[in-house]
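Residue numbers (UniProt numbering): 1 to 238. The beta carbon of each residue, even a glycine, is placed where N, CA and C say it ideally should be.
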Ligand SMILES: Nc1ncnc2c1ncn2[C@@H]1O[C@H](COP(=O)(O)OP(=O)(O)OP(=O)(O)O)[C@@H](O)[C@H]1O
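This is the structure:
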């Protein structure tokens with residue numbers, strides 16, 4: 001994306017996020033780091049195609065097999081159907097607390113995105129992925145019986161199960177301890193490399209990602225006036 005702008009206002013105060021440039025390539029693990037209120041969720045909503053930008057010089061998704069989507073154009077035409085279809089097929093989400101369905105066992109949680117996208121070969125892929133992430137012995141268990149770390153690894157697998165091109169991870173380590181958090185970040189990093197995925201992870205914890213991420217974006221927040229906040233998201237040179 002280039003020169004993408006999103007404003008939000010509430011009770012007389014306004015917040016504007018400006019993204020001069022943001023990109024992620026296949027196999028890349030990009031971290032977006034910032035304090036509370038700097039605009040991380042606002043950015044994630046734009047990346048997840050949930051929120052319409054106010055302005056965008058360029059916002060495109062270009063996949064390795066040369067499939068392309070002009071997201072700015074789709075939003076300008078309010079083509080919700082096309083946006084939803086891209087979201088369903090090509091995007092995966094890892095949420096802060098896993099977001100697994102409590103009444104489905106791990107296997108069925110992992111199979112669900114494949115069933116929604118009518119993808120074949122689900123059981124084999126689920127078994128292989130679960131082995132890779134060390135949760136194969138959890139497949140028949142309900143999420144409530146898993147440890148925090150196991151649950152989060154299953155949540156990562158669920159985000160990947162329908163083979164998305166872009167995975168958005170929103171504070172995926174929020175519910176686990178520091179040691180487990182480091183392992184999860186390393187898992188995400190190697191999944192990006194091994195599977196040629198693009199991963200964008202949002203976090204407030206720079207320590208957690210700065211040695212692992214290929215690139216890091218941060219926010220420069222300034223108070224334009226008493227009621228106006230401007231946040232500019234740019235790549236950090238660490
Ligand atoms: N739906 C909304 N309507 C109006 N203002 C909003 C809305 N959502 C967020 N904001 C404002 O936009 C700014 C950025 O919020 P955002 O949720 O993107 O920050 P964040 O970095 O994700 O914060 P946190 O880490 O606390 O979740 C804040 O000032 C917030 O009050």
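Nearest to residue 10 by alpha-carbon distance, out of 237, 227, 55, is 227.
Here the C-alpha atom of residue 151 lies approximately 11 Å from the C-alpha atom of residue 180. Within the segment 202-233, the alpha helix (DSSP H) runs of at least 4 residues that lie entirely inside it are, in chain order, 206-209. Exposed is the label assigned to residue 66, since fewer than 16 other Cβ atoms lie within 10 Å of its Cβ. Residue environment: residue 178 is assigned as exposed (fewer than 16 neighbouring CB atoms within 10 Å of its CB, all protein chains considered). Not one heavy atom of ligand 1 falls within 7 Å of the beta-carbon of residue 149.
Note on geometry: alpha-carbon atoms of residue 21 and residue 39 lie some 15 Å from one another.
A heavy atom of ligand 1 is found nearer than 7 Å to the CB of residue 42.
Of 114, 142, 95, the smallest CA-CA separation from residue 201 is found for 95.
Residue 32 has its alpha-carbon roughly 21 Å from the corresponding atom of residue 72.
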